[in-house]
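Quick notes on the structure that follows.
There are 2 protein chains.
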Amino acid sequence: MPEVRSYEAYCSVAKALDLVGERWTLLIVRELMISGPSRYTDLLHGLPGIASNLLVDRLKELEEVGLVNREVAPPPIATSLFHLTDRGHALKPILEELGRWGAPLMENPSGKEAFQSHWLVFPMELHLVDHTPKRPPIKIELRTGEEPMVVETVNGQIRTHRGSADNPNVILEGRPGLILGLLTGRLPLDEARRRGLKLSGDTAVLKRVIPAPD
Amino acid sequence: MPEVRSYEAYCSVAKALDLVGERWTLLIVRELMISGPSRYTDLLHGLPGIASNLLVDRLKELEEVGLVNREVAPPPIATSLFHLTDRGHALKPILEELGRWGAPLMENPSGKEAFQSHWLVFPMELHLVDHTPKRPPIKIELRTGEEPMVVETVNGQIRTHRGSADNPNVILEGRPGLILGLLTGRLPLDEARRRGLKLSGDTAVLKRVIPAPD
DNA sequence: CGGCATCCTCTTTGATACTG
DNA sequence: CAGTATCAAAGAGGATGCCG
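Protein chains in written order, with our numbering: chain A, 6 to 219; chain B, 6 to 219.
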């Protein structure tokens, strides 16, 4: 019974919010954007705090308005996958701007927020840059949260994904706020280390991707 | 009593939505962005459908989190003005991306949505361009909704504001969907005219600001 | 009028428990 | 795993009242 409530206003911002302005909706889109096609329970885990029935409702609404498709997997798998349509993917700039605007709010973690390491994907690709794209690619492994993540340079682009690198140039380990602070250029390396960040490997390569201080 | 509900997630998108993700919040910001410092009742009129108590709540929350300031006017005026802080203004890219994403949803008006002419400001500045900035500036008057609006070129920029132009190059009059369709390049001039748009003056100047068809 | 506060009803959500 | 079902709490919408 998902009923799509509308502002009933002839304004494109209002129309957009009619579709993605409800609670949890954009975070579900964020999950699908970061992780690609996902199962119901993957989404449930990636959205700590959401009620299971609410996730069902939202997925139905998103399907109804054409932002998500449900791919019913063939028998052996016994599960189905939710993935973004093109129109759903087109929400990326909105998430990016929200993430950019929200970045300063990450400076003082309350400590009681939930955290999932794959949430780092957005900030990494938003803030990091490859200053010297012609040099051999580098890999950075991040160890924070429940699973490791890899940040790498792929011809001038920053790519971030789950998993371990087989031979990373550097490994960073510590609280997410420290990794984020360091890699977004807000926290100097020695300060991050002083606050508990552990670094191993060739820390010099970090300069290559950390943005210039303003 | 406004309690700021949080997703409690260490993710900048979630943090942003903690502050501006509630119902009506971004539309209030849109109003303040378009109209500048506004009185309570101006906002109430610009947000058809909002409950008066909800507007009060949201304004308090926005004040609390530092996105809006209340300027208590001196005695003779007996009213106060709400205006965006710098941090509030910084939400502009988010509204722009929402507006851009929502634009296709404007193609088929249901006809029963509310409309206010000043809502045209965003789409105009988002879609129109001045193809020949060196030629003398032009002014277009739009007559739709409750008050006229003026679109003008100011050294290469598109400016849109309330009011009448004293000597506009063109005057467009008709349903907002037609004006929007024409000026965003989706509707050819003769088609718009056939559907009821009235044009007077030098319609040739329209080519100067209508975006190239893709 | 402008700027709320109150009261009431209805809907949405959050938390938890249960099922094929 | 992938949802349903249930129920209490919070939020939204609408009407009206109050006060300078």
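Glycine is no exception: its CB is placed at the ideal position from the N, C-alpha and C atoms. Just so we're clear, the structure is a prediction, and the values are computed from it rather than from any experiment.
Find out if the Cβ-Cβ distance for the pair residue i, residue j is shorter than 7 angstroms.
| i | j | result |
| --- | --- | --- |
| A/Ser189 | A/His132 | It is Thr, not Ser, that sits at residue 189 of chain A in the sequence shown. In this structure, A/His132 lies closer than 7 angstroms to A/Thr189 by Cβ. |
| B/Glu130 | B/Thr158 | no |
| A/Tyr15 | B/Pro114 | yes |
| A/Ser122 | A/Thr84 | no |
| A/Leu177 | A/Gly186 | no |
| B/Val18 | A/Leu103 | yes |
| B/Leu72 | B/Gly93 | yes |
| A/Val70 | A/Leu24 | yes |
| A/Pro141 | A/Gly161 | no |
| A/Val126 | A/Ile215 | no |
| A/Leu49 | A/Leu60 | yes |
| B/Ile184 | B/Leu147 | yes |
Assuming residue i contacts residue j under a Cβ cut-off of 8 angstroms, what Cβ separation, rounded to an integer in Å, is found between them?
| i | j | result |
| --- | --- | --- |
| B/Ile163 | B/Asp195 | Going by Cβ atoms, the distance from B/Ile163 to B/Asp195 rounds to 24 angstroms, so no, they are not a contact pair. |
| B/Ser169 | B/Pro153 | 5 angstroms |
| B/Ser280 | B/Phe87 | Residue 280 of chain B lies beyond the residue range present for chain B, which begins at 6 and ends at 219; the question has no answer from this structure. |
| A/Ala119 | B/Glu13 | 6 angstroms |
Drop a sphere of 10 angstroms on the beta-carbon of residue i, count the other beta-carbons inside from all chains shown, and report buried for 16 or more, exposed for fewer.
| i | result |
| --- | --- |
| B/Gly107 | buried |
| A/Glu27 | buried |
| A/Glu8 | exposed |
| B/Lys212 | exposed |
| B/Ala21 | buried |
| B/Arg10 | exposed |
| A/Lys117 | exposed |
| B/Gly51 | buried |
| B/Gly179 | buried |
Sorry if obvious, but does the Cβ on residue i come closer than 6 angstroms to a heavy atom of the ligand HEM?
| i | result |
| --- | --- |
| A/Glu69 | By its list of ligands, the structure shown contains no ligand whatsoever, and the ligand HEM lies outside what it can speak to. |
For the 8 angstroms Cβ check, are there 3 or more pairs between the stretch 163 to 176 of chain B and the stretch 188 to 201 of chain B? no
What alpha helix (DSSP H) runs, 4 residues minimum, are completely inside the stretch 90 to 162 of chain B? 91 to 94, 97 to 107 and 126 to 132
Using 8 angstroms as the cut-off, can you tell me whether the stretch 45 to 65 of chain A makes contact with the stretch 29 to 36 of chain A, which would need three or more C-beta pairs spanning the two stretches below that distance? yes
Start-end ranges of the alpha helix (DSSP H) lying completely within the stretch 42 to 70 of chain A, minimum 4 residues: 45 to 51 and 57 to 69
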